[in-house]
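Taking it in order: structure first as C-alpha cells, then the write-up.
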Amino acid sequence: MDVGATKIAAAVASPEGEILNRVRYPTPNSRSTLLETLAQAISEVSEGFEVAGVGLGVPGLILAQENKVIFSPNLRAIEGISLKDELEPKVGLPVTVENDNNAAAWGEFRFGAGSGAEHLLFVGLGTGIGGGIVMHGRLLRGAQGAGGELGHVTVQATGPRCACGSRGCLEAFASGSAIGRRTREVAVERPDSALGQLAAEREVLGEDVTDLAREGDEGALSVLKEAGRWLGIGLAGFVNIFNPELVVVGGGVMEAGELLLKAARREVHLRACSPKRELVEVKEAALGRDSGVLGAAAFEDLAQKEYTLNP
Ligand SMILES: [Zn+2]
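Pasting the structure below:
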C-alpha cells in the first residue's frame, strides 16, 4: 500500500512485481477512519488472492522499531498511530511499515529503473521532496530508521523557510510547492509571457507550467530550468557522498520530465567529482505512480535481506 496525503493506493503484487489487482481510496483525515479505510482497502484488494503480508509506505518520519510515524506534516492523522499493532489484528496478516520514499526507492531498485544497479538514490519530487538510498543492495535507514531525507539538505543557508522548520533546503527550491512559489513570482516579473498572462486570468497549476514550457514560453521554461538547476545542485552533493550508479527521480513533478532533468544533469556534471560524475546516470522513475506500491509489496524480501545479508 502507498498511503499518500490525498490517496491510498492498494495493490496485490506477485513476487516478480506484477500488479494483479488494485484499489484506490481517498485518504480520510481523521485517525479512526484512516485505520478503518486501510483495513477495508486491504480486505477489498486481497479478496481471492493468497496474500502473504502487507507492506505500508507512509509519508513522514518513521521510527522503525515502533513501526510508527512520528512526524508527517502533510498527513497529520497518521502521526502517533502504532500502525503495525493496530492493523495486524484487523487484517490477520503481518504488516511492515516504511517511509513512502524508501518504499519507492525499493520499488525502483527491485522492479524499475534500478534493475541491475546495486547503488541507487531515489528522489521523489512531489509537494515536498523525499528520498531513499539503496547501497550495496540494501536500504539505508540510519540509527532510528528515519534517514534518507534527501529533500532536507541545505543548499542555501539563507534560503526560504522549509516545511521541516529549517531554511534553504533542497525542498524549498525544487519541490512542487517551490515551483508554485516561483511561478507566482515569475508571472509578476514577466507579465507579457504566456505564464504571466495565464496568471492574470486564473491560478496557474503545475501542469500548466509544464504545458507552457513545452510550448516554448520563456517564463515557464525559466521556472522549470531553475528548479532543475537546484535539483542538480542537491544531486551533485549526493553523488559525491554516495557514489551511486544511478539517481532515479520520480514523483508527480516528474510530469515535467526532461525539462527539469536536463538542467539537473548539467549541474551534476559541473559540480560532482570525477570519476563519479562520469559513472552516474540521472534517470526518470520507470514505474511512475507504482514505484511506492511495488516497493511496499517487496518489503518482505527487504526484511529478509536486512537480516541475512552480510555487508
Ligand atoms: Zn527542509
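So in the working numbering, spot 232 of the sequence shown is number 267, and the numbers just go up one at a time.
Heads up, the beta-carbon is just placed ideally off N, CA and C, and yes, glycines get one too.
Just so you know, these numbers come straight off a predicted model, no measurement behind them.
Start-to-end residues for the alpha helix (DSSP H) that takes in residue 291: Walking along the sequence shown from the start, residue 291 turns up at place 256. Where residue 291 is concerned, there is no enclosing alpha helix (DSSP H), given that its DSSP letter is neither H nor E.
Beta carbon of residue 91 nearer than 8 Å to that of residue 118: Against the sequence shown, residue 91 aligns to sequence position 56. Against the sequence shown, residue 118 aligns to sequence position 83. A contact, by the Cβ cut-off of 8 Å.
Near ligand 1: residue 117 beta-carbon under 7 Å from a heavy atom: Mapped onto the sequence shown, residue 117 falls at position 82. Checking every heavy atom of ligand 1 against the Cβ of residue 117, none is found closer than 7 Å.
3 or more residues per run - each beta strand (DSSP E) lying fully within the region 48-84: 54-61
DSSP-derived helix/strand/coil call for residue 134: As a position in the sequence shown, residue 134 is number 99, starting the count at 1. Reduced to three states, the DSSP call for residue 134 is strand.
Distance, residue 150 Cα to residue 296 Cα: As a first step, residue 296 is located in the sequence shown; it is residue number 261 there, counting from the start. As a first step, residue 150 is located in the sequence shown; it is residue number 115 there, counting from the start. Between residue 296 and residue 150, the C-alpha separation is close to 20 Å.
Complete runs of the beta strand (DSSP E) confined to the region 91-162 [at least 3 residues]: Correct list: 96-98, 103-106, 130-134, 155-160.
Residues whose Cβ lies closer than 6 Å to any heavy atom of ligand 1, in chain order: 187, 197, 199, 201, 204, 206
Separation of residue 280 from residue 152, as counted between CA atoms: Position 117 of the sequence shown, counted from the start, is the residue given in the question as residue 152. Position 245 of the sequence shown, counted from the start, is the residue given in the question as residue 280. Taking the straight line joining both Cα atoms gives about 7 Å.
For residue 174, the residue or residues it bridges with in DSSP: Reading the sequence shown from its first residue, position 139 is the one you call residue 174. In DSSP, residue 174 forms a bridge with 169.
Extent of the continuous alpha helix (DSSP H) run through residue 258: In the sequence shown, the residue the question calls residue 258 occupies position 223. Unbroken alpha helix (DSSP H) run through residue 258: 253-277.
Rounded Cβ spacing between residue 155 and residue 143 (contact assumed at less than 8 Å): Stepping through the sequence shown from its first residue, residue 155 is reached at position 120. Stepping through the sequence shown from its first residue, residue 143 is reached at position 108. Sure, about 7 Å apart at Cβ, within 8 Å.
Proximity of residue 140 and residue 208 at Cβ, strictly below 8 Å: Here residue 140 refers to the residue found at position 105 of the sequence shown. Here residue 208 refers to the residue found at position 173 of the sequence shown. No, the Cβ-Cβ distance between residue 140 and residue 208 is not below 8 Å.
Beta-carbon gap between residue 112 and residue 64 smaller than 8 Å: For the purposes of this step, residue 112 is taken as residue 77 along the sequence shown, with counting starting at 1. For the purposes of this step, residue 64 is taken as residue 29 along the sequence shown, with counting starting at 1. Their beta carbons are under 8 Å apart, which means residue 112 touches residue 64 by this criterion.
Assigned exposure category for residue 235 - 16 Cβ within 10 Å defines buried: The residue labelled residue 235 in the question sits at position 200 within the sequence shown. Exposed: under 16 other Cβ atoms inside 10 Å.
Straight-line gap, residue 288 to residue 210 (C-alpha atoms, nearest Å): Taking the sequence shown and counting its residues from 1, the one referred to as residue 288 is at position 253. Taking the sequence shown and counting its residues from 1, the one referred to as residue 210 is at position 175. If I take the Cα positions, the gap works out to 8 Å.
As assigned by DSSP and simplified to three states, the class of residue 319: Along the sequence shown, read from residue 1 onward, the residue named residue 319 stands at position 284. Residue state, collapsed to three classes: strand.
Whole-Å CB distance - residue 212 paired with residue 131, under 8 Å assumed: Your numbering for residue 212 matches position 177 in the sequence shown. Your numbering for residue 131 matches position 96 in the sequence shown. Incorrect: roughly 30 Å between the Cβ atoms, too far for contact.
8 Å Cβ cutoff met for residue 188 and residue 269: Working through the sequence shown from its first residue, we reach residue 188 at position 153. Working through the sequence shown from its first residue, we reach residue 269 at position 234. Yes. Within cutoff.
Element boundaries [alpha helix (DSSP H), containing residue 230]: For the purposes of this step, residue 230 is identified with residue 195 of the sequence shown, where counting begins at 1. Counting along the chain, the alpha helix (DSSP H) containing residue 230 begins and ends at 229-236.
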